[in-house]
Amino acid sequence: MRLVSDPVAETIRRYDEFAEEYADRWLNPAAMAEQRDFFMSNLPGSRVLDAGCGPGRDAKFFTAMGCAVTGIDLSSAFLDIAQSLVPRVSFARMDMCHTAFANDSFHGVWACASLMHIPHGQGLSTMKELVRVLLPGGSLYVSVKEGEGRGFDERGIFYAYYHLEEMARLAEASGLEVLRLKEVPSHTGHAVFIDLFARRVG
């Protein structure tokens, strides 16, 4: 296994290097359409945090649906692309593990394919941070790759893999009520993801 002192920083460095290529491949608006629709159907208000927003695909959708979106990411290159794609959205370079937002700031948090780049040891604290900024009754979406262990792929991107049971435990320990938890194939068919839809309790 490849050993790197800071796998998140290495992953961000690699994303910055091929951000344009990634955006060209993943800005397809049809991707994640069912997940976005389900998230919207359970959203109790308009304020949405896109945590790990990447090049802005989902921020663009939520803005078009009338949401007041805030997008955060650690990749400056992704944020530049996202700001060009959706000029009305407020984007900021920020770590989803330790955000600068006040408690109860958002009606919904959308964390699509972002938690999976954080080592398992920080998974629970990061989930709790996302719940902290949610209003009571607010909705959370998290997607991760299904699998065992952790490691870097051929592009130098770090992944922490999860099973359904692990995601259920994270949700419960974070004060969430699970609305839907299931395995889903990616729209390209290259991997299996786990979708977690949940609501903040209390």
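Residue numbers (UniProt numbering): 1 to 202. For glycine and all other residues, C-beta sits at the position ideal for the given N, C-alpha and C. Computed from a predicted model, the values in this text were never measured in an experiment.
For residue i, the residue or residues it bridges with in DSSP
| i | result |
| --- | --- |
| S90 | T70 |
| residue 205 | The structure shown does not extend to residue 205, since the chain spans only 1 to 202, so no value can be given for it. |
| W110 | D50, Y141 |
| V133 | For V133, which the question treats as bridged, DSSP gives no partner whatsoever. |
| V178 | A198 |
| F152 | F158 |
Reduced DSSP category for residue i - H, G, I as helix; E, B as strand; rest coil
| i | result |
| --- | --- |
| T63 | helix |
| R36 | helix |
| Y159 | strand |
| P55 | coil |
| A102 | coil |
| G147 | coil |
| F78 | helix |
Within 8 angstroms, strictly: CB atoms of residue i and residue j
| i | j | result |
| --- | --- | --- |
| G156 | E21 | no |
| F126 | L135 | Here residue 126 turns out to be Thr, not Phe, going by the sequence shown. No, these two residues do not count as a Cβ contact at 8 angstroms. |
| A19 | S75 | yes |
| I81 | V8 | no |
| F38 | V48 | no |
| V142 | L196 | yes |
| L164 | E148 | no |
| N42 | S105 | no |
| G123 | R199 | no |
| M96 | A59 | no |
| A102 | P55 | no |
Cβ shell of residue i (< 7 angstroms), same chain only, five flanking positions each side left out
| i | result |
| --- | --- |
| M65 | M40 |
| K128 | S174 |
| Q83 | F91 |
Sequence-distant residues of its chain with Cβ nearer than 6 angstroms to residue i (five each side left out)
| i | result |
| --- | --- |
| V201 | G175, E177 |
| I12 | L74, S75 |
| T70 | L49, S90 |
Beta-carbon contacts of residue i that lie in its chain and below 8 angstroms, excluding the five residues immediately before and after
| i | result |
| --- | --- |
| residue 203 | Outside the shown range of the chain (1 to 202) lies residue 203, about which nothing can therefore be said. |
Answer yes if the region 119-133 comes into contact with the region 99-110, meaning at least three C-beta pairs across the two stretches below 8 angstroms, and no otherwise.
Flag = yes, the region 99-110 and the region 119-133 touch.
Please determine if the region 80-100 and the region 31-38 are in contact, where contact requires at least 3 C-beta pairs separated by less than 8 angstroms.
Here the region 80-100 makes no contact with the region 31-38; the two share fewer than three CB pairs at distances below 8 angstroms.
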